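Reading through the C-alpha cells given below for one structure.
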Amino acid sequence: MSIFKKVIFSNKRSNHSVIKNSLLAGTVLLSTVAQDVLAKEKSYVAVEPLTCDLVKSIALPSDEVTCLVDRKQDVHDFKITPRQAQLLKSADKVFTLGKEMTPSMKNWEGKPQTVVIGVSAIDIDDHSGHDDHAEGSFEWAGKFQLSKGSYKWSFAKVGGEYADPAMKMVILESNDIESSEKLAKELLGSKKSINKKNNGTLVASNKAYVLNFDQGKESTVFNVEIQEDGQYTFFTEHMPFEFEAEEHFFKDLSNSDVEPIAQVPDEGEGNHHHDHGGLDPHVWHDPHNIKKMGEVVSKSLKKDISVFNRSDRKSINASFASVDSTLEELDSWIVAQVSTIPESNRVIVSKHKAMEYYGNAFGFETISLLDFIGDSSSLRPDNIQSTLKMLDEENVKAIFPEQIPASKLLKNLSRQSSVPLASNQIFVDGLMMTGNTVSVAVHNTCTIVNSLGGTCDKEAGSSIEGNWISLQN
C-alpha cells in the first residue's frame with residue numbers, strides 16, 4: 001500500500017472514531033439531560049405540619065410537597081388511613097419527625113423512602129457552638145491516580161457567592177473508597193481539624209482540613225502536595241462541582257484537568273437512625289436544632305438531583321442558606337427578648353415535659369407538672385402540698401397552659417397556689433392554626449417573656465416571620 005493510501009485510510013479510521021465518540025458523548029449528554037428533567041418531577045410527603053413547613057422552605061419550586069397531617073390533628077394520636085397509606089407508598093420520599101413524636105410512623109421508619117428529621121436523626125445542639133453539619137458526614141468521595149508532585153484544588157464563587165463559607169476535606173492514600181470510609185468519617189467528625197486559607201498546602205494524612213474560602217476573591221485555591229506516586233482518595237463535606245464556575249476544580253501544574261478514576265457522587269450521611277428511647281422529641285423549640293433538621297432535608301433532596309444539575313443543587317443550597325440565616329436571626333431575637341426578664345423569674349412551668357430544649361437554649365429552668373401530680377384531672381391530697389411547695393421555692397411567676405381554656409387541673413393548681421395562669425397558651429406540639437415555624441417561636445417567646453416580667457418586641461419577631469414566609473414564595 002502506498003504512503004498516500006495509508007494516510008487516506010488512517011484519516012478515514014480517525015474520522016470514524018471521532019464520529020463514534022461524538023455520538024456516544026451525545027447519547028450520554030441526552031441521558032444526563034433526561035435525568036435532570038425527571039429529577040424535577042418529584043413527589044414528597046411530609047407527615048407533620050411543622051415538617052411540611054420546613055420541607056417546603058427548602059424544596060425546589062417544581063417539587064410537589066404534600067402535607068399529610070392536618071394542623072388540627074394531634075400527631076401523638078394520629079392513625080394512618082388507607083388513603084394516607086397510599087400517599088406514603090407512592091411518594092418518592094416521606095419526611096417525618098419520627099416515631100418519638102408520631103408513633104404511627106414506627107412501621108414506616110425502616111422503609112427506604114422514609115427520611116427521619118427529628119430527635120433520632122440529629123445531634124442535639126448544646127448551644128455551645130453552631131456547627132451546622134452532622135459529624136462525620138461527607139457528600140462526595142473521589143479516588144485519583146496521582147504522580148508525585150504539586151496540584152491545585154480550587155473553589156470558585158458561582159453566581160457571586162461560594163456555595164458555603166467553608167468545607168471539610170480529608171485526603172487519604174488509599175486504593176479503595178469503601179475501605180477508607182470509616183477512617184474518613186472519624187477524621188471529619190474530629191474536633192482536631194486543621195484550618196487552611198487561600199494558598200494553603202494540603203497533604204495526605206490522618207487529619208481533616210477545614211478549608212476557609214476567601215470572600216474577597218472570586219476563587220480560593222489550595223496547593224495539594226503528593227509525596228509519592230499512588231492512589232489517593234479525597235472525601236469532601238460538599239460536592240466539589242458546586243464550586244465550579246468555568247474551570248475544573250482539580251488541576252496539575254500544567255493546568256490540565258485531573259479526573260477521578262472512581263467516585264461516590266453523593267454519599268452524605270444526613271440521617272443517623274439511632275434509637276434514642278424516651279428522649280423528648282420537641283427539638284424544634286431550639287432554632288439551632290431546626291437548622292440541623294433542615295440540613296437533613298437539604299442533603300436528602302440533593303440526593304434526587306444529578307451531580308451535573310448545578311442549577312437545582314445551587315437552588316437547594318441557597319434555600320437552606322436562607323433557612324439557616326432566618327433561624328440565626330430568630331435565635332438572636334429570642335436571646336434579646338429573654339434578656340428583659342429578671343433572672344430570678346426565668347422558670348417555665350407547664351403540664352408536659354416539652355420545653356426543655358427551649359429552656360436549655362435560652363437559660364430557663366423548666367418544670368413539668370406531671371412529674372409532681374401525675375396525669376389527673378384534679379389535684380390529689382397526697383401530692384398537692386409538695387407541688388405548692390415547689391411553686392413557692394422556685395419563685396414561679398406564671399403557669400403556662402397548653403390549651404385555652406386551661407384544664408381544670410391547671411385552674412385548681414393556680415387557685416390554690418396563687419400563681420396566675422398565663423393569658424395565652426404556649427404551643428408545644430407543632431404549628432398553630434395559622435402561621436409557620438417561626439410564628440410558633442415568636443408567639444411562645446412573647447407569651448413567656450410578657451408573663452415573667454419582661455417586654456417582648458413582637459414587631460421585630462413578626463418581621464422574622466415574614467422572612468420565613470418569603471422562603472416559600
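In terms of UniProt numbering, the sequence shown opens at residue 1 and continues consecutively. Glycine is no exception: its CB is placed at the ideal position from the N, C-alpha and C atoms. It should be emphasised that the depicted structure is a prediction, and the values quoted were computed from it without experimental measurement.
Let me know if residue i comes out buried or exposed under the rule of 16 or more other beta-carbons within 10 Å of its beta-carbon.
i              : result
histidine 285  : buried
glycine 294    : buried
asparagine 436 : buried
serine 339     : exposed
aspartate 77   : exposed
residue 476    : As shown, the chain starts at 1 and ends at 473. That puts residue 476 outside it, with no answer to give.
proline 49     : buried
asparagine 317 : buried
asparagine 289 : buried
proline 61     : exposed
For residue i, I'd like the list of residues in its chain whose CB is within less than 8 Å of its CB, leaving aside the five on either flank, ordered along the chain.
i              : result
aspartate 457  : Trp333, Ala336 and Gln337
glutamine 231  : Lys143, Phe144, Gln145, Leu146, Glu173, Ser174, Asn175 and Ile261
leucine 87     : Val45, Thr66 and Leu68
asparagine 195 : Tyr209, Val210 and Asn212
aspartate 131  : With a pLDDT of 38 at aspartate 131, under the threshold of 50, the modelled position of this residue cannot be trusted, and the question is left open.
alanine 245    : Ala156, Lys157, Val158, Glu218 and Ser219
glutamate 465  : Gly435, Asn436, Val438, Ser439 and Val442
With DSSP as the reference, label residue i as helix, strand or coil.
i              : result
alanine 398    : coil
cysteine 446   : helix
alanine 208    : strand
alanine 156    : strand
glutamine 425  : coil
cysteine 52    : helix
tyrosine 232   : strand
isoleucine 261 : coil
aspartate 92   : coil
aspartate 131  : Summary for aspartate 131: the model assigns pLDDT 38, below 50, so the residue's position carries little reliability; its value from the coordinates is reported in the next sentence. Looking at aspartate 131 - three-state DSSP - the assignment turns out to be coil, as it is neither helix nor strand.
isoleucine 124 : coil
threonine 434  : coil
alanine 46     : strand
tyrosine 151   : strand
alanine 163    : coil
methionine 101 : coil
serine 193     : coil
Return the chain-ordered list of same chain residues with a C-beta closer than 7 Å to the C-beta of residue i, the five sequence neighbours on each side being excluded.
i                 : result
isoleucine 341    : Val449, Leu452, Gly453 and Gly454
aspartate 164     : His238
glutamate 459     : none
phenylalanine 198 : For the record, residue 198 in the displayed sequence is asparagine; it is not phenylalanine. Only Asp214, Lys217, Thr220 and Val221 meet the Cβ criterion.
valine 170        : Ala184, Leu187, Leu188, Ala208 and Phe235
Judging by CA-CA distance, which residue of the options is the nearest neighbour of residue i?
i             : options                           : result
valine 203    : Glu259, Phe235, Gly363 and Phe213 : Phe235
aspartate 312 : Pro49, Leu54 and Ile58            : Ile58
glycine 430   : Ile316, Lys79, Asp70 and Ser62    : Asp70
proline 82    : Ser104, Cys446 and Leu471         : Ser104
aspartate 252 : Val221, Glu329, Ile124 and Phe243 : Val221
glutamate 139 : Trp468, Val264 and Thr447         : Val264
threonine 114 : Asn317, Thr96 and Glu228          : Thr96
arginine 310  : Asp331, Pro240 and Gln84          : Pro240
glutamate 343 : Ser463, Ser256, Ile290 and Glu394 : Glu394
glutamine 227 : Lys148, Ile177, Thr102 and Thr51  : Lys148
serine 205    : Gln403, Lys192, Asn412 and Ile122 : Lys192
Can you give me the Cβ contacts of residue i inside the same chain, cut-off strictly under 6 Å, excluding the 5 residues immediately before and after it?
i              : result
valine 224     : Tyr151, Trp153 and Leu202
tyrosine 162   : Phe213
asparagine 107 : none
lysine 42      : Asp63, Asp92 and Asp304
lysine 56      : Val65 and Gln472
valine 119     : Glu100, His276, Leu279, Pro281 and Val283
Measuring only the C-alpha atoms, how far is residue i from residue j?
i              : j                 : result
serine 423     : serine 319        : 36 Å
leucine 409    : aspartate 280     : 23 Å
histidine 133  : lysine 292        : A caution first: histidine 133 carries a pLDDT of 41, below 50, which makes its placement in the model unreliable, though a value can still be read off. Taking the straight line from one Cα to the other gives about 7 Å.
isoleucine 367 : valine 396        : 10 Å
asparagine 383 : lysine 302        : 53 Å
leucine 369    : alanine 406       : 14 Å
valine 419     : phenylalanine 362 : 23 Å
glycine 359    : serine 325        : 22 Å
valine 296     : alanine 398       : 37 Å
methionine 433 : phenylalanine 243 : 41 Å
threonine 445  : serine 179        : 49 Å
leucine 38     : phenylalanine 308 : Confidence is the limiting factor: at leucine 38 the pLDDT is only 48, short of 50, which leaves the residue's position unreliable, though a coordinate-based value still follows. Whole-angstrom Cα-Cα distance: 13 Å.
residue 478    : alanine 321       : Residue numbering for the chain in the displayed model covers 1 to 473; residue 478 lies beyond these limits and cannot be assessed.
leucine 330    : aspartate 229     : 51 Å
lysine 89      : asparagine 345    : 49 Å
threonine 447  : isoleucine 426    : 7 Å
glutamate 365  : isoleucine 348    : 6 Å
alanine 354    : glycine 461       : 22 Å
glutamine 73   : serine 463        : 28 Å
asparagine 412 : glutamate 402     : 15 Å
histidine 352  : serine 190        : 36 Å
Beta-carbon of residue i versus every beta-carbon of chain B: anything under 9 Å?
i          : result
lysine 152 : The question asks about chain B, but that chain is absent: this structure has only one protein chain.
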